[in-house]
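S.K.: In this note's numbering, the protein residues as written are 980 to 1577.
Starting off with a structure, shown below.
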């Protein structure tokens, strides 16, 4: 019945459940159409086909897994008949249930069931059995663990009149003939077959992942699977058929993962984590990965050296195959290796630099460099700016989290940010400068975010100051002249600026001029940076007193008190003074007369 693939390792043993007829053949035994009685206390997953629509099947899902029928296959689910359909009642011929007819055409023939989980137990209700029924049990790599036809089982059923169970009970051969749930069966055997996998790899790694049924007149029902191994004591109602065949255990491999930096090779031990790779197995690896990397043999067995494509980052994959030594070299397992190629990606950010600065006023800001890549930036790291406004300079840098001092050349771990301060007082160099920010790191493969620019416009501030010191004190009745000025001492023109004064009643303001050009100027108007407006003030005070004068120049004011004093009187001659003056004049006249006579 069982055709093993050669070699030694695990084994598959076949047991029969108790018959579905009682000893008197006058009642049905539903437990005979199941793996074991409920009293055994172990679970399984079963597909009864009771919920299936009758008719031809092509693909779909059953309780134990996904099924598929190849093109041209003739597999169907039929209603209960004398040829199949397990029942649940004990009354003889009380009725069965829908069952599966495995076809005998298609490539592959019949129906293939891919189990949801690897199974160490498989069972099914074999109805109207004959030599033309075939079963294959495969692993996840489509290695055929066991290929079966029913000739050995037919021979076993015809070998004795009675059969002894594991607990010593006996059953008659006739209890396995015909269908107890629906009348008939043509004397053919109806039995529940239990396949038990004993994994001798020591890893529990050999499992059944696919079932394939095909043949002429292959009726079956109640397909059951179990993932865990059965307990040490098998169901006592089972019958050991003595049919035991060795399985050539296929290799069992696990997928591998690895990580390397951009442009850096990595050595991987592909078989180090594989559950079962027997001595003498061969390992075959393609020379190229899916993304174009290279894969070469390493220095030690099982080691392979992966080199990513130049500049590549991301996920790359390749597969490897482990095959048994001859003569079982076609029994293989394949797994996938996933290598993540990481690289730093440092991005410079200048948004922390305010776009406006003022001449003569403190300016503060910052710029940053963040490693948003998948690997630490370890070498040749920089984070800097150039072309700041005159008077503004970069300061110290710190890396966060942690706010630890950082200098060029220090690492920038993944997800961390270097922040550098900028401060100073802009010189009087007004205009817009374009700050250039840059960052770098060995292995950074995203140059597009290694540079950034930020415009900073440096502006001035007007500062108009009025000066009233040019208004002197005055004298009653005497002409008065003075002036007041408004000077823009700031770093920008002062548009629409006033320059005037509230004068004393006897004062008159003349036409203002602006220097250095000396042009006429009328308030309000622009006072350019560094220019001075001069406004003359004239008048003649009529009386003594003190007059407050207030001047306004832009936002500044100035005050001065102009005092007006009386004119001092001219001195007069007394009587004696007049006599002395008369004598002096007479003497002067005598002297002149003498000069003429000479």
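For glycine and all other residues, C-beta sits at the position ideal for the given N, C-alpha and C.
(1) Does the region 1209-1218 come close enough to the region 1131-1145 that 3 or more CB-CB pairs lie under 8 Å?
(2) Using a 10 Å radius around the Cβ and a threshold of 16 neighbouring Cβ atoms, would you call residue 989 buried or exposed?
(3) Please name the residue in 1098, 1297, 1075, 1114 whose C-alpha comes closest to that of residue 1090.
(4) Measure from the alpha carbon of residue 1084 to the alpha carbon of each residue in 1055, 1065, 1072, then state which is nearest.
(5) Indicate the three-state DSSP secondary structure (helix, strand or coil) for residue 1416 in the structure shown.
(6) Which class does residue 1132 belong to by DSSP, given the choice of helix, strand or coil?
(7) Below 8 Å, can you find three or more Cβ-Cβ pairs linking the region 1316-1332 to the region 1403-1421?
(8) In chain order, what residues of the same chain have a beta carbon less than 6 Å from the beta carbon of residue 1447, not counting five sequence neighbours either side?
(9) What are the partner residues of residue 1325, as DSSP defines its beta bridges?
(10) Tell me the rounded alpha-carbon separation between residue 1167 and residue 1224.
(11) Rounding to the nearest angstrom, what Cα-Cα distance links residue 1048 and residue 1120 in this structure?
(12) Would you say the region 1100-1109 touches the region 1187-1202, given that touching needs at least three Cβ pairs under 8 Å?
(13) Whole angstroms are fine: how far does the CA of residue 1044 sit from the CA of residue 1209?
(14) Do residue 1174 and residue 1231 come within 8 Å of each other at the CB atom, strictly closer than that value?
(15) Looking only at its own chain, which residues have a Cβ that is under 7 Å from the Cβ of residue 1286, when we skip the five neighbours before and after it?
(16) Identify which residue in 1433, 1521, 1380 has its Cα closest to the Cα of residue 1453.
(17) Where does residue 1457 fall in DSSP's three states?
(18) According to DSSP, is residue 1009 helix, strand or coil?
(19) Specify the secondary structure class of residue 1018 as computed by DSSP and reduced to three states.
(20) Look at the Cβ atom of residue 1112, then the Cβ atom of residue 1134, and state whether they are nearer than 8 Å.
(21) Taking only three categories from DSSP, how would you classify residue 1426?
(22) Hey, would you say residue 1443 sits closer than 8 Å to residue 1467, going by beta carbons?
(23) For the beta strand (DSSP E) that contains residue 1141, what are its first and last residues?
(24) So if DSSP puts residue 1467 in a beta bridge, which residue, or which two residues, is it bridged to?
(25) Our contact map puts residue 1124 next to residue 1187 with C-beta atoms below 8 Å; I'd like the distance itself, whole angstroms only.
(26) Measure from the alpha carbon of residue 1316 to the alpha carbon of each residue in 1308, 1058, 1249, then state which is nearest.
(27) Kindly identify the DSSP beta-bridge partner or partners of residue 1438.
(28) What separation, rounded to the nearest whole angstrom, lies between the Cα atoms of residue 1263 and residue 1053?
(29) Roughly how many angstroms separate the alpha carbons of residue 1306 and residue 1092, rounded to a whole number?
(30) Which residues does DSSP pair with residue 1283 in a beta bridge?
(31) With DSSP as the reference, identify every bridge partner of residue 1317, one or two as the case may be.
(32) On the premise that residue 1404 lies in contact with residue 1339, defined as a C-beta separation below 8 Å, what is that separation, rounded to the nearest angstrom?
(33) Below 8 Å between beta carbons: does that hold for residue 1229 and residue 1310?
(34) Within its chain, find whatever has a CB closer than 7 Å to the CB of residue 1474; leave out the 5 residues flanking it on each side and keep chain order.
(35) Comparing C-alpha positions only, which one of 1165, 1425, 1297, 1117 sits nearest to residue 1353?
(36) Under the three-state reduction of DSSP, which class applies to residue 1155: helix, strand or coil?
M.R.: Taking the coordinates as given:
(1) Contact annotation: the region 1131-1145 touches the region 1209-1218, with at least three C-beta pairs closer than 8 Å.
(2) Position 10 of the chain shown, counting from 1, holds the residue named residue 989. The residue in question, residue 989, is buried, as its Cβ has 16 or more Cβ neighbours within 10 Å.
(3) The residue given as residue 1090 occupies position 111 in the chain shown. The shortest C-alpha separation from residue 1090 is found at 1114.
(4) As a working mapping, residue 1084 is identified with position 105 in the chain shown. Ranking 1055, 1065, 1072 by CA distance to the CA of residue 1084 puts 1055 first.
(5) As a position in the chain shown, residue 1416 is number 437, starting the count at 1. Reduced to three states, the DSSP call for residue 1416 is strand.
(6) Here residue 1132 refers to the residue found at position 153 of the chain shown. Of the three classes helix, strand and coil, the one that applies to residue 1132 here is helix, per DSSP.
(7) Counting C-beta pairs with one atom in each stretch, the region 1316-1332 and the region 1403-1421 have three or more that are closer than 8 Å, which means they touch.
(8) Looking up residue 1447 in the chain shown gives position 468. Take residue 1447, set aside five residues on each side of it, and the residues of its chain with a beta-carbon closer than 6 Å to its own are 1463, 1530, 1537, 1539, in chain order.
(9) One-based indexing of the chain shown puts residue 1325 at position 346. Beta-bridge pairing links residue 1325 to 1350.
(10) Here residue 1167 corresponds to residue number 188 of the chain shown, with the count starting at 1. Here residue 1224 corresponds to residue number 245 of the chain shown, with the count starting at 1. Approximately 25 Å, taken between the alpha carbons.
(11) In the chain shown, the residue the question calls residue 1048 occupies position 69. In the chain shown, the residue the question calls residue 1120 occupies position 141. About 19 Å.
(12) Using a Cβ-Cβ distance cut-off of 8 Å, the region 1100-1109 and the region 1187-1202 are in contact, since at least three pairs of beta carbons, one from each stretch, lie closer than that value.
(13) Indexing the chain shown from 1 puts residue 1209 at position 230. Indexing the chain shown from 1 puts residue 1044 at position 65. Going by the C-alpha atoms only, they are around 20 Å apart.
(14) In the chain shown, counting from the first residue as 1, residue 1231 sits at position 252. In the chain shown, counting from the first residue as 1, residue 1174 sits at position 195. Between residue 1231 and residue 1174, the CB-CB gap reaches or exceeds 8 Å.
(15) The residue you call residue 1286 lines up with position 307 of the chain shown. Sequence-distant partners of residue 1286 (beyond 5 residues in either direction) whose C-beta falls short of 7 Å from its own C-beta, in its chain, are 1244, 1272, 1273.
(16) Position 474 of the chain shown, counted from the first residue, corresponds to residue 1453. Sorting 1433, 1521, 1380 by C-alpha distance to the C-alpha of residue 1453 places 1521 at the top.
(17) As a position in the chain shown, residue 1457 is number 478, starting the count at 1. Three-state result, residue 1457: coil.
(18) Locating residue 1009 in the chain shown gives position 30, where the first residue counts as 1. In this structure, residue 1009 counts as helix in the three-state DSSP scheme.
(19) Locating residue 1018 in the chain shown gives position 39, counting from the first residue. Helix at residue 1018.
(20) Residue mapping note: residue 1112 aligns to position 133 of the chain shown, counting from 1. Residue mapping note: residue 1134 aligns to position 155 of the chain shown, counting from 1. Against a cut-off of 8 Å, the Cβ pair of residue 1134 and residue 1112 comes out as no contact.
(21) Taking the first residue of the chain shown as position 1, residue 1426 is located at position 447. In the structure shown, the three-state DSSP call for residue 1426 is helix.
(22) For this step, residue 1443 is matched to residue 464 along the chain shown. For this step, residue 1467 is matched to residue 488 along the chain shown. It is a contact, given that the beta carbons lie within the stated cut-off.
(23) Translated into the one-based positions of the chain shown, residue 1141 becomes position 162. 1141-1143 is the extent of the beta strand (DSSP E) around residue 1141.
(24) Sequence index remark: in the chain shown, residue 1467 carries index 488 (1-based). According to DSSP, residue 1467 shares a beta bridge with 1443.
(25) Mapped onto the chain shown, residue 1124 falls at position 145. Mapped onto the chain shown, residue 1187 falls at position 208. A Cβ-Cβ distance of about 6 Å is found for the pair residue 1124 and residue 1187, placing them in contact under the 8 Å criterion.
(26) Looking up residue 1316 in the chain shown gives position 337. Distance check between residue 1316 and each of 1308, 1058, 1249 places 1249 closest, using alpha-carbon atoms only.
(27) Counting from one through the chain shown, the residue named residue 1438 turns up at place 459. 1337, per the DSSP bridge assignment.
(28) Against the chain shown, residue 1263 aligns to sequence position 284. Against the chain shown, residue 1053 aligns to sequence position 74. Roughly 39 Å between the two C-alpha positions.
(29) On the chain shown, residue 1306 is found 327 positions in, with the first residue counted as 1. On the chain shown, residue 1092 is found 113 positions in, with the first residue counted as 1. Spanning the two alpha carbons is a distance of roughly 28 Å.
(30) Position 304 of the chain shown holds residue 1283. Note: residue 1283 sits in a beta bridge opposite 1247, 1276.
(31) Residue numbering aside, residue 1317 sits at position 338 when the chain shown is read from its first letter. Its beta-bridge partners are 1236, 1296.
(32) The residue you call residue 1339 lines up with position 360 of the chain shown. The residue you call residue 1404 lines up with position 425 of the chain shown. Taking C-beta atoms under 8 Å as the contact rule, residue 1339 and residue 1404 qualify, at a distance of about 6 Å.
(33) In the chain shown, residue 1229 corresponds to position 250, counting from 1. In the chain shown, residue 1310 corresponds to position 331, counting from 1. In this structure, residue 1310 lies closer than 8 Å to residue 1229 by Cβ.
(34) Position 495 of the chain shown, counting from 1, holds the residue named residue 1474. Answer for residue 1474: 1505, listed in chain order.
(35) Start at 1 with the first residue of the chain shown, and residue 1353 comes out as number 374. Looking only at 1165, 1425, 1297, 1117, the smallest Cα-Cα distance to residue 1353 is reached by 1425.
(36) Numbered from 1 along the chain shown, position 176 holds the residue referred to as residue 1155. Here residue 1155 sits in helix by DSSP.
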